[in-house]
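With numbering that gives the first Met the number 0 applied, the sequence shown covers 0 to 191.
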Amino acid sequence: MGKTVKATKMGLKDAHDMVDSLKEMIQSDLRKQKSGFEDALSSRLREAEVVILESAKAKLAIVAGVGLMRKDLDRAQRKFSKTNDVEELKNTLIDLSMNLKKLRETNKEVVASLSSVLNPTLSAVEVVERFASDLQRSAGTWERHGREIDDSIMELCQDNQPAEMVELEKYIERQGYSVLLGDAHSSSEESE
Numbered sequence: 000m001g002k003t004v005k006a007t008k009m010g011l012k013d014a015h016d017m018v019d020s021l022k023e024m025i026q027s028d029l030r031k032q033k034s035g036f037e038d039a040l041s042s043r044l045r046e047a048e049v050v051i052l053e054s055a056k057a058k059l060a061i062v063a064g065v066g067l068m069r070k071d072l073d074r075a076q077r078k079f080s081k082t083n084d085v086e087e088l089k090n091t092l093i094d095l096s097m098n099l100k101k102l103r104e105t106n107k108e109v110v111a112s113l114s115s116v117l118n119p120t121l122s123a124v125e126v127v128e129r130f131a132s133d134l135q136r137s138a139g140t141w142e143r144h145g146r147e148i149d150d151s152i153m154e155l156c157q158d159n160q161p162a163e164m165v166e167l168e169k170y171i172e173r174q175g176y177s178v179l180l181g182d183a184h185s186s187s188e189e190s191e
């Protein structure tokens, strides 16, 4: 016997529930994915920002230090040209050399800290790739649920003739009444 209207309505209600459930799942997954994506990108920028600002300050200090050293060297050269005191010029040059070495070490530290920004554990591109990959994985689940909804709808679609109608037509034929009906008779076999 075919499905009753009540059973069909229940089946349609279940299909609507499945659609609502799928919508909620997609919205929830998108919220989670978006939140993780935004957090990862913000984290990448925050970490880079601190290092970049500190390195900019350090580079500025290095440039200022080099400027002072240059003035000290110019002053020492002018003094040497007046006094010809080699020992004083030598001491100034040794001090400058030691200060320059310190600035070089500071610059190496800046370069090392910048390499952590240039070679992060997770770059912005990798964050985007991971987000896209996570969305693709989620989409697979969404598609599976979509197929279940389609299967549910297909199950509710009965395009075949009701069994009762087929049985009645067969009964008419078995009884020989189809001869009396002539062209007015259309059996289930002819309509298929």
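Even for Gly, the Cβ is constructed at its ideal location relative to N, Cα and C.
Because the structure is a prediction, the values reported are computed rather than measured.
Proximal residues to residue i (C-beta, below 8 Å), its chain only, five neighbours per side dropped
i, result
"S151", "G10, D13, A14, M17"
"Q32", "F130, D133, L134, S137"
"S122", "R43"
"E154", "G10"
"L21", "W141, H144, G145, I148"
Sequence-distant residues of the same chain with beta carbon closer than 6 Å to residue i, five excluded per side
i, result
"A75", "L88, T91"
"G64", "L102"
Exposure of residue i, with buried meaning 16 or more beta-carbon neighbours within 10 Å
i, result
"V110", "exposed"
"V126", "buried"
"E166", "exposed"
Residue i in three-state terms, based on DSSP
i, result
"D28", "helix"
"G10", "helix"
"G145", "helix"
"E172", "helix"
"Q76", "helix"
"Q135", "helix"
"L121", "coil"
"D16", "helix"
Closer than 8 Å: residue i CB and nearest the ligand HEM heavy atom
i, result
"V4", "With respect to the ligand HEM, the structure shown offers nothing to examine, as it has no ligands at all."
Close Cβ partners of residue i (< 7 Å) along its chain, the five nearest in sequence each way excluded
i, result
"D71", "T91, L95"
"S190", "Because the pLDDT of S190 is 47, which lies under 50, any placement of that residue in the model is unreliable, and the number read from its coordinates should be weighed accordingly. So the list is empty, once near-sequence residues are dropped."
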